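Per UniProt numbering, residue 1 is the first one in the sequence shown, and the count goes up by one each step.
Virtual Cβ for every residue (Gly too), placed ideally from N, Cα, C.
Predicted model, so just to flag it, every value in this text is computed and none were measured.
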Amino acid sequence: MKRVTDLVLTIAGGIILLPVALSVALAVKFTSPGPALYWSDRVGRGGAIFRMPKFRTMKVGTPAVATHLMVDAASALTPIGGFLRRTSLDEVPQLWSVLIGDMSIVGPRPALFNQDDLIALRQQQGVDVLRPGLTGWAQVNGRDELPIPEKVAFDREYLELRSSLFDLLIILRTARKLLGDKSVVH
Numbered sequence: 001m002k003r004v005t006d007l008v009l010t011i012a013g014g015i016i017l018l019p020v021a022l023s024v025a026l027a028v029k030f031t032s033p034g035p036a037l038y039w040s041d042r043v044g045r046g047g048a049i050f051r052m053p054k055f056r057t058m059k060v061g062t063p064a065v066a067t068h069l070m071v072d073a074a075s076a077l078t079p080i081g082g083f084l085r086r087t088s089l090d091e092v093p094q095l096w097s098v099l100i101g102d103m104s105i106v107g108p109r110p111a112l113f114n115q116d117d118l119i120a121l122r123q124q125q126g127v128d129v130l131r132p133g134l135t136g137w138a139q140v141n142g143r144d145e146l147p148i149p150e151k152v153a154f155d156r157e158y159l160e161l162r163s164s165l166f167d168l169l170i171i172l173r174t175a176r177k178l179l180g181d182k183s184v185v186h
């Protein structure tokens, strides 16, 4: 049932967001040299690596590390990169990952391939059995500023409580955060 819901929401969302996605792709191309999309190696269900698309917010050649580990992340942003991250518009291409089954609408956010501490703790807590999501219980309870153990505790709680109703609650809380929250790391 969850996969069917993912497909219905992804197709509907893709149709609705297509004009926005095309506009963002053009804006990225016109404001920064390089491709509009950035493909990031992420860890999915069972530790499998998959390639996740995002609109590119960093300059070409920026190291593939978590933004919070960079000395001066702001200087690596493209002219519209900060805006795309604050509004989460950089995440729209991830609908592709949901469509092909690498991700779900709701689940733990996929770890970067080199976030060994996050990956190990998720494996230890059994959270790696879940398909990663566009949004998750940890994201609506703190997003990027949560320490890894707290993030994984929320992921574990999602694993234990997951249901269609819980997913709906997370989607609604995500929408509320996107419309008014500024707690996104640049």
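| query | result |
| --- | --- |
| Cross-strand partners of proline 53 (DSSP beta bridge) | Trp39 |
| Serine 104 burial status per 10 Å Cβ neighbour count (16 or more: buried) | buried |
| Coil, strand or helix - histidine 186 by DSSP | Per-residue confidence for histidine 186 stands at a pLDDT of 37, beneath the threshold of 50, marking its modelled position as unreliable; the derived number appears in the next sentence. Residue state, collapsed to three classes: coil. |
| Beta-carbon gap between glutamate 91 and lysine 151 smaller than 8 Å | no |
| Residue nearest to phenylalanine 30 in terms of C-alpha spacing, selected from Met52, Pro79, Pro149, Gly14 | Pro79 |
| Span of the beta strand (DSSP E) around glycine 133 | 133–135 |
| Between the CA atoms of aspartate 41 and leucine 17 - distance to the nearest angstrom | 24 Å |
| Burial state of proline 147 (16 or more Cβ within 10 Å) | exposed |
| Lysine 2 to tryptophan 39 span [Cα, whole Å] | 25 Å |
| Spatial neighbours of lysine 59 in its chain, beta-carbon cut-off 7 Å, leaving aside the 5 residues before and after | Ser32, Ala76, Thr78 |
| Member of Gly47, Thr57, Val43 whose CA lies at the smallest distance from the CA of leucine 37 | Thr57 |
| Alpha carbon of leucine 165 to alpha carbon of alanine 74, nearest angstrom | 38 Å |
| Spatially closest choice to isoleucine 11 from Pro93, Arg131, Ala138, Ala120, by CA coordinates | Pro93 |
| Leucine 95 beta carbon less than 8 Å from that of glycine 13 | yes |
| Close Cβ partners of valine 8 (< 7 Å) along its chain, the five nearest in sequence each way excluded | none |
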